[in-house]
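Shown next, in structure tokens, is the structure this report addresses.
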Amino acid sequence: MTARPSPGDLLVIDGRASVQFAGDRALTFRVVSMSNQPTYHGWIWLTGYVLDRRGEATAKREVYVQLAGLRSARASETAARRTAPSRRASSYARRHDQDSAATGDRSGLRAGGDTG
2 MTARPSPGDL
12 LVIDGRASVQ
22 FAGDRALTFR
32 VVSMSNQPTY
42 HGWIWLTGYV
52 LDRRGEATAK
62 REVYVQLAGL
72 RSARASETAA
82 RRTAPSRRAS
92 SYARRHDQDS
102 AATGDRSGLR
112 AGGDTG
């Protein structure tokens with residue numbers, strides 16, 4: 002991404018954008034604003050929010066990065082992570098339902114006033 006980012010853009014900021022974000026320090030970043038402050042050629046100050054794996058903002062930051070190193074992040078991937086049920090939770094539910102059906106145990110299905 003060599004064009005200047007716009008507010009609302011979702012970016013991957015990693016070691017390509019600046020060495021301070023290399024390896025496990027990489028960020029998914031939602032741009033809020035760009036500074037017009039003079040910088041070295043090809044560099045820019047960005048203000049925005051760091052997003053976690055679920056796409057939720059965890060911190061507001063100002064970062065100094067190379068335009069040529071910025072990559073667009075796919076919003077659909079972040080949203081999919083946010084809405085996808087955990088594999089562990091869904092496999093537990095299926096296993097629990099199968100166990101109840103096989104044994105005829107319907108104790109979890111009693112109505113609140115049912116004493117049994």
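Numbering-wise, my numbering comes out as the position in the sequence shown, counting from 1, plus 1. We treat Cβ as the ideally placed atom computed from N, Cα and C, and that holds for glycine. Just so you know, these numbers come straight off a predicted model, no measurement behind them.
Exposure label - residue i; buried when at least 16 CB within 10 Å
i: VAL64; result: buried
i: GLY43; result: exposed
i: ALA23; result: exposed
i: ILE14; result: buried
i: PRO6; result: buried
i: GLY155; result: The shown model of the chain, from 2 to 117, leaves out residue 155, and the question about it has no answer.
Per-residue DSSP class, three states only, for residue i
i: GLY70; result: helix
i: GLY62; result: Residue 62 is actually Arg in this sequence, not Gly. It is a strand residue.
Beta-bridge partners of residue i, as assigned by DSSP
i: ARG31; result: LEU11, TYR50
Pairwise C-alpha distance: residue j and residue i
i: LEU52; j: VAL32; result: 11 Å
i: SER91; j: ARG54; result: Its pLDDT being 43, under 50, SER91 is placed unreliably in this model, and the coordinates cannot settle the point.
i: PHE30; j: GLN21; result: 15 Å
i: MET35; j: ASP25; result: 25 Å
i: ARG75; j: PRO39; result: 29 Å
i: THR59; j: LEU68; result: 23 Å
i: ILE45; j: VAL66; result: 6 Å
i: THR48; j: GLU57; result: 16 Å
i: ALA80; j: TYR41; result: Only weak support exists for where ALA80 lies, its pLDDT of 47 falling under 50; the coordinates are left without a value.
i: ALA112; j: ALA18; result: With a pLDDT of 47 at ALA112, under the threshold of 50, the modelled position of that residue is not reliable, and the figure given next carries that caveat. Rounded to whole angstroms, ALA112 to ALA18 spans 58 Å at the Cα level.
i: GLY16; j: ASN37; result: 23 Å
i: LEU11; j: ALA27; result: 13 Å
i: TYR50; j: LYS61; result: 4 Å
i: ALA4; j: SER73; result: 11 Å
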